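Structure first, commentary second.
Number of protein chains: 2
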Amino acid sequence: MIDEIDRKILTLLQSNCRQSIAEIGDAVGLSASACHRRIGILEKDGVIERYAARLNGEKLGFNMTFYVEVTLEGQSEAILSAFEKAALARPEVLECHLMTGIADYLIKVAAPDTKEYERLYRRVIAALPHVSRIQSALVMKTVKRWGGYPPRKA
Amino acid sequence: MIDEIDRKILTLLQSNCRQSIAEIGDAVGLSASACHRRIGILEKDGVIERYAARLNGEKLGFNMTFYVEVTLEGQSEAILSAFEKAALARPEVLECHLMTGIADYLIKVAAPDTKEYERLYRRVIAALPHVSRIQSALVMKTVKRWGGYPPRKA
DNA sequence: GTTGAAAGTAGAAAGTT
DNA sequence: AACTTTCTACTTTCAAC
């Protein structure tokens, strides 16, 4: 279904989706058209979900990134789905994952400074429905971000 | 430096960087050329770091995602930089952050199944230099991923 | 910031192996 | 069935305004 050439194309597109199809074709040994066709299939099949610009948070004034572990008051379907719906709706929540382990959710947020993070913490995170405990961890340095999926199954 | 229009452009590009500049220009009330010039500046200034295809891990066979907390044997500069260099070099490590809190690093990895994760755990993560403790948490469900930075400072 | 023209790219329709 | 060539419409890019 997804062969070696597709994987090469995907690796190239993950690192730069603005190179021309002709260039990608060259790199994988295919004509632009054949390459274009494969990319179309990968898009249609949902392997490629979107093409996005990736920004530098610090240059935008987001100097602090946090991973926040959120524990809820319970784990009933109603509680989980109310929390998820609210988290999805908040643009400040950059990522949100339901986790195994001690806390229920792991969310990622960014803030310009501690003052703004305090606001975020009180008005946004703590205000999400059914939150019972919050534990924040600050990212001091991001060593690697945006690592694409490796070309072969890990 | 970055004004309201730039923020709108960035929001649009974060959700879809393949729409034409003319479309983006229309959406923000600018000619294609003016829009193009602004985007060029945002790229040059490093606000836009790259344009990337975002893939669906499950469709690629990566059915499990983990956040792994890694504690090192110490926090000397030599230990930290050796670890970081090795983590950067491993394609299986999708993200790696130096954190405040109990563990030293938070890394994100993906695997097709538990068997492969066990290999990843033993051969990759535990094999990184100076690792003393590893604690894995499995992502059961990703509620929100790829949330772009919000248009206004959080 | 706008307009307009030149170069380049994507997308589709043909034909080829 | 998948690739290649060819062609047209669109898009980017860069003048000059």
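Sequence lines, in order, name chains D and E.
Residues 100 to 253 (my numbering) are what the first sequence spells out, left to right.
Residues 100 to 253 (my numbering) are what the second sequence spells out, left to right.
Using N, Cα and C, we set each Cβ at its ideal position, and we do this for glycine too.
Quantities reported herein were computed from a predicted structural model and do not represent experimental measurements.
Answer yes or no: do residue i and residue j have a C-beta to C-beta separation smaller than 8 Å?
{"i": "Ala151 (chain E)", "j": "Ser114 (chain D)", "result": "yes"}
{"i": "Ile123 (chain D)", "j": "Ile108 (chain D)", "result": "yes"}
{"i": "Val169 (chain D)", "j": "His196 (chain E)", "result": "no"}
{"i": "Val238 (chain E)", "j": "Val208 (chain E)", "result": "no"}
{"i": "Tyr204 (chain D)", "j": "Phe165 (chain D)", "result": "no"}
{"i": "Leu171 (chain D)", "j": "Ser231 (chain D)", "result": "yes"}
{"i": "Phe161 (chain E)", "j": "Ala210 (chain E)", "result": "yes"}
{"i": "Ala253 (chain E)", "j": "Glu183 (chain D)", "result": "no"}
{"i": "Ala126 (chain E)", "j": "Leu141 (chain E)", "result": "no"}
{"i": "Ala121 (chain D)", "j": "Thr199 (chain E)", "result": "no"}
Which word fits residue i, buried or exposed, when buried means at least 16 other C-beta atoms lie within 10 angstroms of its C-beta?
{"i": "Glu103 (chain D)", "result": "exposed"}
{"i": "Gly257 (chain D)", "result": "No statement about residue 257 (chain D) is possible, as the shown extent of chain D runs from 100 to 253 and does not include it."}
{"i": "Ala177 (chain E)", "result": "exposed"}
{"i": "Arg137 (chain D)", "result": "buried"}
{"i": "Leu187 (chain D)", "result": "exposed"}
{"i": "Arg218 (chain E)", "result": "exposed"}
With DSSP as the reference, identify every bridge partner of residue i, one or two as the case may be.
{"i": "Gln234 (chain D)", "result": "D:Glu168"}
{"i": "Val192 (chain D)", "result": "D:Val208"}
{"i": "Tyr150 (chain D)", "result": "E:Ala152"}
{"i": "Leu197 (chain E)", "result": "D:Lys240 and E:Tyr204"}
{"i": "Met163 (chain D)", "result": "D:Ala210"}
By the criterion of Cβ-Cβ separation under 8 Å, what are the contact partners of residue i in chain E?
{"i": "Val242 (chain D)", "result": "Glu183, Ala186, Leu187, Cys195, His196, Leu197 and Tyr204"}
{"i": "Pro211 (chain D)", "result": "Lys252 and Ala253"}
{"i": "Val192 (chain D)", "result": "Lys243 and Gly246"}
Does DSSP put residue i in a helix, in a strand, or in coil?
{"i": "Tyr204 (chain D)", "result": "strand"}
{"i": "Ile101 (chain E)", "result": "coil"}
{"i": "Ala186 (chain D)", "result": "helix"}
Could you list which residues in chain D have their beta carbon closer than 7 Å to that of residue i, in chain order?
{"i": "Arg117 (chain E)", "result": "Tyr150"}
{"i": "Arg153 (chain E)", "result": "Glu148, Arg149 and Ala151"}
{"i": "Tyr248 (chain E)", "result": "Leu154, Gly156, Leu159, Phe161 and Ala209"}
{"i": "Gly145 (chain E)", "result": "Asn155 and Lys158"}
Starting from residue i, find everything on chain E with Cβ-Cβ shorter than 9 Å and list it in chain order.
{"i": "Glu215 (chain D)", "result": "Lys252 and Ala253"}
{"i": "Leu109 (chain D)", "result": "Ala152, Leu154 and Leu159"}
{"i": "Gln113 (chain D)", "result": "Ala151, Ala152, Arg153 and Leu154"}
{"i": "Leu219 (chain D)", "result": "Ala253"}
So with CB distances below 9 Å, who are the chain D contacts of residue i?
{"i": "Val238 (chain E)", "result": "His196, Leu197, Met198, Thr199 and Leu205"}
Applying a beta-carbon distance threshold of less than 7 Å, which residues of chain E neighbour residue i?
{"i": "Gly139 (chain D)", "result": "Simply none; closest approach about 13 Å."}
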